[in-house]
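Our numbering puts the first residue of the sequence shown at 40, with every later residue one more than the last.
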Amino acid sequence: MFMGSKNPASDPRFHGRRRGRRLRQQREELLAARLPALELSLPADGGAVDPAAQFAGPVRDVWLEIGFGYGEHLIWQAQNHRDIGIIGAEPFLNGVARLVSYIAEGEVDNVRIVPDDVRPVLDRLPAASLGRVFILFPDPWPKLRHRKRRLVSAETLDQLARVMSDGAELRLATDDADYAAWMLRLGLAHREFEWTARRPDDWRQRPDDWPSTRYEEKNRSGGQGPVFLRFRRHLRD
Ligand SMILES: C[S@@+](CC[C@H](N)C(=O)[O-])C[C@H]1O[C@@H](n2cnc3c(N)ncnc32)[C@H](O)[C@@H]1O
40 MFMGSKNPAS DPRFHGRRRG RRLRQQREEL LAARLPALEL SLPADGGAVD PAAQFAGPVR
100 DVWLEIGFGY GEHLIWQAQN HRDIGIIGAE PFLNGVARLV SYIAEGEVDN VRIVPDDVRP
160 VLDRLPAASL GRVFILFPDP WPKLRHRKRR LVSAETLDQL ARVMSDGAEL RLATDDADYA
220 AWMLRLGLAH REFEWTARRP DDWRQRPDDW PSTRYEEKNR SGGQGPVFLR FRRHLRD
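Here it is in C-alpha cells:
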C-alpha cells in the first residue's frame, strides 16, 4: 500500500475499473512473468523514489503517462524516444497486460509501470523529476455529482507542478466539451502553468509526436473532435 502525506490528494479514491474481461491464459502468463521486473519499485518504508534510477541504463529525462489505457500512445513514445525513461500508471489490469505484451513485442527497455492509481505515487517522486506528463482522454465523469472524480483537478495539478521540472510540458486531451473547458479553466488558473497555444490550430490539430489512443479512436463522446492542450510549467524562482 502506498503511503503518501496528509494532503487530501494523496489519499484519493479510485473510481474506475480495475479488471475487465478475463485475460487469455497466454497474456496472464506474460503478465505474471514480466510485470514484476517492469513495475516501478517503491521503497517499502514509504520513502521517496528516484524515477531516473529505475531504468536499466542512463536516461536523458523521465516522462509520465497517467491512465495509459491499453498503452498504444505510451509504447509509441517509448519506441520513438529510447533515451527517455517512461513511466505509465494504469489501475486497469487488462490495459496493463496489453502494455506488457507491447513491451515484450517491441523490445523496449525504457518503460516502468505503476499498475495502480498514480496519485499516491506522485507524492513520493522528488520535486522537478519529470520532464513531461500526459493525461489523455481521462474519464469525463459528465454527471454534475461526479465531477469530483475527475482526474484533472486543482489538487492533481498541484501535485504535478511539484514533480515537473522547469519548462516541463503537461499534455492533456479530451473529446468532451465540458471537460475541455474544465481543463482549460484549471490550467489557466494555476500559477505554475502556462497554456502554450497561440492560435486555434495549436489545440485543434494533433501534433506529429502525439499518436492517437484507443479511446480517441472510438470517439466516445460522439461530439466535437478532440482537443490537444499543452501547458508549460513555469521556471522556478
Ligand atoms: C477513458 S480511459 C482513456 C485511456 C487512454 N488514455 C486512451 O486514451 O485510450 C481513462 C483511463 O484512466 C485511468 N485512470 C483513471 N484514474 C486514474 C488514476 N488516478 N491513476 C492512473 N490511471 C487512472 C482509467 O483506469 C482509464 O483506463
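Glycine included, every Cβ here is placed at the ideal spot set by N, Cα and C.
{"Item": "Please determine if the region 138-145 and the region 73-82 are in contact, where contact requires at least 3 C-beta pairs separated by less than 8 angstroms.", "Value": "yes"}
{"Item": "Closer than 8 angstroms is the cut-off here; do at least three beta carbon pairs connect the region 163-180 with the region 140-154?", "Value": "no"}
{"Item": "Going by Cα to Cα distance, which pick from 169, 199, 156 is closest to residue 54?", "Value": "156"}
{"Item": "Could you tell me the alpha carbon to alpha carbon distance between residue 241 and residue 144, rounded to whole angstroms?", "Value": "34 angstroms"}
{"Item": "Whose CA, out of 264, 251, 200, 216, lies closest to the CA of residue 226?", "Value": "200"}
{"Item": "Is residue 212 helix, strand or coil by DSSP?", "Value": "strand"}
{"Item": "Can you list, in chain order, every residue whose CB sits closer than 6 angstroms to a heavy atom of ligand 3?", "Value": "As far as ligands go, the structure on display features ligand 1 and does not contain ligand 3."}
{"Item": "Would residue 231 and residue 185 be called neighbours here (beta carbons separated by less than 7 angstroms)?", "Value": "no"}
{"Item": "Please work out which residues of its chain come closer than 8 angstroms, Cβ to Cβ, to residue 131, disregarding the five sequence neighbours upstream and downstream, and give them in chain order.", "Value": "55, 56, 57, 58, 59, 108"}
{"Item": "Taking contact to mean at least 3 C-beta pairs separated by less than 8 angstroms, is the region 95-107 in contact with the region 118-130?", "Value": "yes"}
{"Item": "If I follow the unbroken alpha helix (DSSP H) through residue 161, where does it start and stop?", "Value": "158-161"}
{"Item": "With a threshold of 6 angstroms on Cβ separation, who are the neighbours of residue 47 within its own chain once the five nearest residues in sequence on each side are excluded?", "Value": "Annotation note: pLDDT 46 at residue 47 (below 50); position unreliable, coordinate value reported separately. Same-chain partners within the cutoff: there are none."}
{"Item": "Closest by CA to residue 85, which one among 51, 94, 178, 163?", "Value": "163"}
{"Item": "Does residue 137 come out as helix, strand or coil in the three-state DSSP assignment?", "Value": "helix"}
{"Item": "Cα-Cα, which of 160, 88, 94, 69 is closest to residue 105?", "Value": "160"}
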